[in-house]
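Heads up: the sequence shown begins at 12 in the working numbering, then just goes up one per residue.
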Amino acid sequence: MHKVLMVCLGNICRSPLAEGILQSKVNSNTVIVDSAGTAAYHIGNLPDLRSIEVAKKYGIDITNQRARKFLIKDFDEFDVIYAMDDSNYANILSLARNIEDKQKVQLILNASHPNKNLSVPDPYYGGKEGFENVYKMLDEACELISKKL
12 MHKVLMVCLG NICRSPLAEG ILQSKVNSNT VIVDSAGTAA YHIGNLPDLR
62 SIEVAKKYGI DITNQRARKF LIKDFDEFDV IYAMDDSNYA NILSLARNIE
112 DKQKVQLILN ASHPNKNLSV PDPYYGGKEG FENVYKMLDE ACELISKKL
């Protein structure tokens, strides 16, 4: 069983999309996907309606997800932790207890653009096209991740 965690800031835009996209591409009997945020702004909330809408457009339902905060115990629970951007990557690493924890953390777009250290832009303050662009970026990365799992 592989366990994958997607992490962004508030766990309502990017990481719920990444969770839903990857879940749609893997066998749920062999891969568990979850998401979290490095900030506690939206704990218990549904994903942003714009994330819900773009996921639905592509046949993915993310309305069963609820925002939660990234916890130190997530290092024990998950095999790999994908950060959406440099800031969240640094926040996750700051909580790492040892080298094993640090080795689990990766920038998600390195899956589709190796060693470029690109960030998934936060679409929260933009329009719907920002969510569409984020979906496409995450879909490409998750397709490659799913093939490795």
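Where a beta carbon is used, it is the ideal one built from N, C-alpha and C, also for glycine.
Spatial distance of residue i from residue j (CA atoms)
| i | j | result |
| --- | --- | --- |
| C153 | A29 | 7 Å |
| L120 | I73 | 21 Å |
| A101 | A66 | 27 Å |
| F142 | R61 | 7 Å |
| L160 | I71 | 20 Å |
| K84 | R108 | 10 Å |
| D45 | S123 | 20 Å |
| D112 | L149 | 23 Å |
| C24 | K127 | 22 Å |
| A51 | F81 | 9 Å |
| L155 | I32 | 12 Å |
Residue i and residue j closer than 8 Å at C-beta
| i | j | result |
| --- | --- | --- |
| A2 | I54 | Absent from the model: residue 2. The displayed extent of the chain is 12 to 160, so no value can be given. |
| N115 | V91 | Before going further, note that residue 115 is Lys rather than Asn in the sequence given. Cβ distance < 8 Å, so K115 and V91 count as in contact. |
| G48 | N75 | no |
| Y93 | V145 | no |
| S157 | K14 | no |
Residue(s) in a DSSP beta bridge with residue i
| i | result |
| --- | --- |
| V18 | A47, A94 |
| K80 | G48 |
| H13 | V42 |
Complete alpha helix (DSSP H) runs within the segment 107–151 (minimum length 4 residues, chain order) = 110–114
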